[in-house]
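2 protein chains.
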Amino acid sequence: MIVEGVHFLAADPPEDVAWKLVAVNLSDLAAKGARPLGVLLGYPLHEDEEWNARFLAGLGEVLHGYSVPLLGGDTVSGPAGATRMLGLTALGEAGGCVPSRSGAASGDILWVSGTIGDAGAGLRIAIGELEGPDALLARYRRPEPRLELGQALAPLAGAMMDVSDGLLIDAARIGQASALGLEVELREVPLSEPLRQILGDGSRTRIDAAIAGDDYELLFAASPAHSGDIEAVGRRLGVPVTAIGRFEDGGGLTLTENGVPLPLPPRLGYEHGSKAVQPVESLPPLP
Amino acid sequence: MIVEGVHFLAADPPEDVAWKLVAVNLSDLAAKGARPLGVLLGYPLHEDEEWNARFLAGLGEVLHGYSVPLLGGDTVSGPAGATRMLGLTALGEAGGCVPSRSGAASGDILWVSGTIGDAGAGLRIAIGELEGPDALLARYRRPEPRLELGQALAPLAGAMMDVSDGLLIDAARIGQASALGLEVELREVPLSEPLRQILGDGSRTRIDAAIAGDDYELLFAASPAHSGDIEAVGRRLGVPVTAIGRFEDGGGLTLTENGVPLPLPPRLGYEHGSKAVQPVESLPPLP
């Protein structure tokens, strides 16, 4: 589900909103090493017919781009002037290996694909807070799910997820789910050339990147024995993969810069405002 | 997807909103003769934590009631004070027979399960327009998907759907999808005893019931050769099934009362306000 003002801006082009709605869901499949089978759309129709039509055009574009069919869904009457909320369910099929968040082992390396912080800078460009190239804006508006990479990494990764709420908060979630401590080296967090050109390479830039979120890169834990295979997968698919940390016995997240521990930033990424809807033991068990 | 002010009222108990969200989706599975496997929830968290907690309690109740697991989904931050929109995707498994809307044949009988118009009266009770028993209010707030009935009817029905937008508009949709004409006899539309007690049994009551919607009964077309089997299924499951019309060559909907054609009401049920999001041939094909 994506919400205007939270996951996209009212001024974002409707085509890009459609792209993002599909891409962020495909990214969840990528993190499970799954191949997409199709999507189901929940769409509140608006009084703004041009918005509807442009959204539909963008939907066609992204679904064609990833060869994913629209299987069905629901259109409803949206109340006039209401905040836009769009729902999408992506269905996929995974092979034998489906990494969870809880499968990291002590001694595993923490890896991340691509570059981090570009979408965060892109959001600042979108709201006029920053000037920068279209490449960064595109990372915010048109994220690219790492589907092929996820399928190739699934057999090698003990734990995997996509970075949506922020690199640090998502890394801490893997550590917590795996009941392990985790050290992340800020200098290893991969930044893109366009990002460094406009924001430099200082600690502030790196911390901002690591908590910004919306990256939709893959974050995964793997045994050091797989490092060669992981780097080979990255080379084959043309996607950088970077070792940025290590899991260890204990608990908690430690952030270092050149090996020296840093105080953790006051927030590690985007956190939902409520804990009311969490997995509940009283619900019926999974099949 | 259900929307406050469209599919439920702001004053509806949150437990009932959760019930309805699940039930209307299970009803779609029922109309395909499918067995539910699980649901995925898209939930915008609200600043009103009590509402969240009561919604969750109702969710547990309905999922337990139908033995359906919550497989996953997404919680997002809902903007403060925004109209509530809730998304749910139900996954199910169908046997060999999956009735569509387009499979009615000339000469087929149109059947409907249960009684029609109770939820429409329940809505009028909920908004204070009518006084009436809790049984009718419950039909509006806690519809019961006809899962067992749908599975039993699927092999017998050429076409099937659930009545959500209104009996007449949904019947007309089967006729149109099947490229057939359809005659519906108003006097055969099954009304409940509580409904007739407060609204009588006149033409106005019957027409209102037939266009009110929210019934979540099954509406289906079947060859007259299956009539005995269909009635036996209804008896076995304790759900009335009533023949209310007949498909024929030609096109359009004819409404009769005691065999005499009536002018069609100005609207046949609930219609979405836009045609912008319709199946689009430019989207990738189904697998």
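Which chain is which? The protein sequence lines are E and Z, in order.
Reminder that position 18 of the first sequence reads as 18 in the numbering used here, one-by-one numbering, no gaps.
Just so we're on the same page, the numbering used here is the position in the second sequence counted from 1, plus 1000.
Where a beta carbon is used, it is the ideal one built from N, C-alpha and C, also for glycine.
### For Ala1119 of chain Z, the nearest candidate out of Z:Val1112, Z:Gly1213 and Z:Gly1096 (CA to CA)
Indexing the second sequence from 1 puts residue 1119 of chain Z at position 119. Checking every option, the nearest Cα to that of Ala1119 of chain Z belongs to Z:Gly1213.
### Message
When you compare the region 1082 to 1101 of chain Z with the region 1038 to 1058 of chain Z, are there three or more beta-carbon pairs, one atom per stretch, that lie closer than 8 Å?
### Response
yes
### Query
Start and end of the beta strand (DSSP E) containing Leu1040 of chain Z?
Numbered from 1 along the second sequence, position 40 holds the residue referred to as residue 1040 of chain Z. Run containing Leu1040 of chain Z: Ala1034 to Leu1045, per the beta strand (DSSP E) assignment.
### Query
At least one CB of chain Z closer than 7 Å to the CB of Arg267 of chain E: is that the case?
On the first sequence, residue 267 of chain E is found 267 positions in, with the first residue counted as 1. Contact of Arg267 of chain E with chain Z is not assigned, every C-beta pair being separated by 7 Å or more.
### Query
Just how far apart, CA to CA, sit Asp1229 of chain Z and Arg1173 of chain Z?
In the second sequence, residue 1229 of chain Z corresponds to position 229, counting from 1. In the second sequence, residue 1173 of chain Z corresponds to position 173, counting from 1. Distance between the alpha carbons of Asp1229 of chain Z and Arg1173 of chain Z: 25 Å.
### Query
Taking 7 Å as the CB-CB cut-off, is Val1006 of chain Z touching chain E?
In the second sequence, counting from the first residue as 1, residue 1006 of chain Z sits at position 6. Yes - at least one Cβ of chain E is within 7 Å of the one on Val1006 of chain Z.
### Query
Under 7 Å between C-beta atoms, does Ser77 of chain E make it to chain Z?
For the purposes of this step, residue 77 of chain E is taken as the residue at position 77 of the first sequence. With 7 Å as the cut-off, Ser77 of chain E counts as an interface residue toward chain Z.
### Task
Measure the Cβ-Cβ separation of Met1160 of chain Z and Asp1170 of chain Z and say whether it is below 7 Å.
The count along the second sequence starts at 1 and reaches residue 1160 of chain Z at position 160. The count along the second sequence starts at 1 and reaches residue 1170 of chain Z at position 170. No, Cβ-Cβ distance for Met1160 of chain Z and Asp1170 of chain Z is not below 7 Å.
### Query
Can you find a C-beta in chain E that's less than 7 Å from the C-beta of Met1085 of chain Z?
Within the second sequence, the letter at position 85 stands for residue 1085 of chain Z. It does: the Cβ of Met1085 of chain Z has a partner Cβ on chain E nearer than 7 Å.
### Message
Would Val1017 of chain Z and Ser1113 of chain Z be called neighbours here (beta carbons separated by less than 7 Å)?
### Response
Numbered from its first residue, the second sequence carries residue 1017 of chain Z at position 17. Numbered from its first residue, the second sequence carries residue 1113 of chain Z at position 113. No; because the gap between Cβ atoms is not below 7 Å, this pair is not in contact.
### Task
Would you kindly check if the distance between the Cβ of Pro133 of chain E and the Cβ of Pro69 of chain E is under 7 Å?
Looking up residue 69 of chain E in the first sequence gives position 69. Looking up residue 133 of chain E in the first sequence gives position 133. Cβ atoms of Pro69 of chain E and Pro133 of chain E: not closer than 7 Å.
### Message
So with CB distances below 7 Å, who are the chain E contacts of Ala1082 of chain Z?
### Response
Taking the second sequence and counting its residues from 1, one reaches residue 1082 of chain Z at position 82. Ordered by position in chain E, the residues that pass the 7 Å Cβ test against Ala1082 of chain Z are Ala82 and Thr83.
### Task
Please report the residue range of the beta strand (DSSP E) in which Glu15 of chain E lies.
Position 15 of the first sequence, counted from the start, is the residue given in the question as residue 15 of chain E. Where Glu15 of chain E is concerned, there is no enclosing beta strand (DSSP E), although the alpha helix (DSSP H) it sits in stretches over Pro14 to Ala31.
### Query
Just the Cα atoms here: how many angstroms apart are Glu281 of chain E and Gln151 of chain E?
Here the question's residue 281 of chain E lines up with position 281 in the first sequence. Here the question's residue 151 of chain E lines up with position 151 in the first sequence. For Glu281 of chain E, the pLDDT reaches just 41, beneath the cut-off of 50, and the residue's location in the model is therefore unreliable, although a value from the coordinates is still provided. So the alpha carbons of these two residues sit roughly 31 Å apart.
### Query
For Pro1261 of chain Z, which three-state DSSP category applies?
Within the second sequence, the letter at position 261 stands for residue 1261 of chain Z. Strand at Pro1261 of chain Z.
### Query
Residues of chain Z with a CB under 8 Å from the CB of Met161 of chain E: which are they?
In the first sequence, the residue the question calls residue 161 of chain E occupies position 161. Residues of chain Z passing the Cβ test: none, with the nearest at roughly 13 Å.
### Query
Between which two residues does the beta strand (DSSP E) containing Thr205 of chain E stretch?
Taking the first sequence and counting its residues from 1, one reaches residue 205 of chain E at position 205. Taken as a continuous stretch (DSSP letters only), Thr205 of chain E belongs to no beta strand (DSSP E), being part of the alpha helix (DSSP H) at Ser203 to Ala212.
### Message
If contact is defined by three or more beta carbon pairs under 8 Å, each pair taking one atom from either stretch, is the region 1101 to 1110 of chain Z in contact with the region 1176 to 1189 of chain Z?
### Response
yes
### Task
Would you please verify whether the beta carbon of Asp1074 of chain Z is less than 7 Å from any beta carbon of chain E?
Position 74 of the second sequence, counted from the start, is the residue given in the question as residue 1074 of chain Z. With 7 Å as the cut-off, Asp1074 of chain Z counts as an interface residue toward chain E.
### Query
What is the rounded straight-line gap between the Cα of Ile1244 of chain Z and the Cα of Leu1110 of chain Z?
The residue you call residue 1244 of chain Z lines up with position 244 of the second sequence. The residue you call residue 1110 of chain Z lines up with position 110 of the second sequence. Roughly 6 Å between the two C-alpha positions.
### Message
Can you confirm whether Ala276 of chain E, when its beta carbon is compared against all beta carbons of chain Z, has any partner nearer than 7 Å?
### Response
Within the first sequence, numbered from 1, the residue matching residue 276 of chain E stands at position 276. With a pLDDT of only 35 at Ala276 of chain E, under the threshold of 50, the placement of this residue in the model should not be trusted, and no figure is reported.
### Query
Out of E:Ala154, E:Glu185 and E:Asn258, which has the shortest C-alpha to C-alpha gap to Ala210 of chain E?
To locate residue 210 of chain E, count along the first sequence from 1; it is residue 210. Minimum Cα distance to Ala210 of chain E is reached at E:Glu185.
### Under 8 Å from the C-beta of Thr1256 of chain Z: neighbouring residues of chain E
As a first step, residue 1256 of chain Z is located in the second sequence; it is residue number 256 there, counting from the start. What Thr1256 of chain Z touches in chain E: nothing, since even the nearest Cβ is about 31 Å away.
### Query
How would you list, in chain order, the residues of chain E whose beta-carbon sits under 7 Å from the beta-carbon of Thr1089 of chain Z?
Residue mapping note: residue 1089 of chain Z aligns to position 89 of the second sequence, counting from 1. What Thr1089 of chain Z touches in chain E: Leu40 and Thr89.
#### Entry: Residue span of the alpha helix (DSSP H) that contains Leu1199 of chain Z, given as start and end
Here residue 1199 of chain Z is taken as the residue at index 199 of the second sequence, counted from 1. It spans Glu1193 to Leu1199 - the alpha helix (DSSP H) in which Leu1199 of chain Z sits, taken as one unbroken run.
### Message
Which same chain residues end up closer than 7 Å to Val189 of chain E when comparing Cβ atoms and leaving out the 5 residues on each side of it in sequence?
### Response
One-based indexing of the first sequence puts residue 189 of chain E at position 189. Excluding the 5 residues flanking it on each side, Val189 of chain E has same chain C-beta neighbours closer than 7 Å at Ile116, Leu167, Arg206, Ala209, Ala210 and Ile244, in chain order.
### Task
Taking Glu183 of chain E as part of the beta strand (DSSP E), name the residues at either end of that continuous run.
As a working mapping, residue 183 of chain E is identified with position 183 in the first sequence. Glu183 of chain E -> beta strand (DSSP E) spans Gly181 to Glu185.
### Distance CB(Ala1094 of chain Z)-CB(Ala1034 of chain Z) smaller than 7 Å
Position 94 of the second sequence, counting from 1, holds the residue named residue 1094 of chain Z. Position 34 of the second sequence, counting from 1, holds the residue named residue 1034 of chain Z. The answer is yes: Cβ separation under 7 Å.
### Task
Indicate the three-state DSSP secondary structure (helix, strand or coil) for Ser227 of chain E in the structure shown.
The residue labelled residue 227 of chain E in the question sits at position 227 within the first sequence. In this structure, Ser227 of chain E counts as helix in the three-state DSSP scheme.
### Message
For a quick check, are the C-beta atoms of Leu1147 of chain Z and Ala1030 of chain Z less than 7 Å apart?
### Response
Locating residue 1147 of chain Z in the second sequence gives position 147, counting from the first residue. Locating residue 1030 of chain Z in the second sequence gives position 30, counting from the first residue. Closer than 7 Å, so yes.
### Task
For Val1233 of chain Z, name the three-state secondary structure that DSSP assigns.
In the second sequence, the residue the question calls residue 1233 of chain Z occupies position 233. Of the three classes helix, strand and coil, the one that applies to Val1233 of chain Z here is helix, per DSSP.
### Query
Any chance the region 71 to 78 of chain E sits against the region 2 to 12 of chain E, with 3 or more Cβ pairs inside 8 Å?
no
### Message
Judging by CA-CA distance, which residue of E:Val163, E:Pro266 and E:Gly158 is the nearest neighbour of Ala222 of chain E?
### Response
Here residue 222 of chain E refers to the residue found at position 222 of the first sequence. Selected option, being the one with the closest Cα: E:Gly158.
### Query
From Val233 of chain E to Asp1108 of chain Z, what distance separates their C-alpha atoms?
To locate residue 233 of chain E, count along the first sequence from 1; it is residue 233. To locate residue 1108 of chain Z, count along the second sequence from 1; it is residue 108. Rounded to the nearest angstrom, the two C-alpha atoms are 59 Å apart.
### Task
For the alpha helix (DSSP H) containing Ala159 of chain E, list its first residue and its last residue.
Along the first sequence, one-based indexing puts residue 159 of chain E at 159. Here Ala159 of chain E belongs to no alpha helix (DSSP H); instead the beta strand (DSSP E) covers Ala159 to Asp162.
### Task
Could you check what DSSP says for Asp1249 of chain Z in three-state terms: helix, strand or coil?
Along the second sequence, read from residue 1 onward, the residue named residue 1249 of chain Z stands at position 249. Of the three classes helix, strand and coil, the one that applies to Asp1249 of chain Z here is coil, per DSSP.
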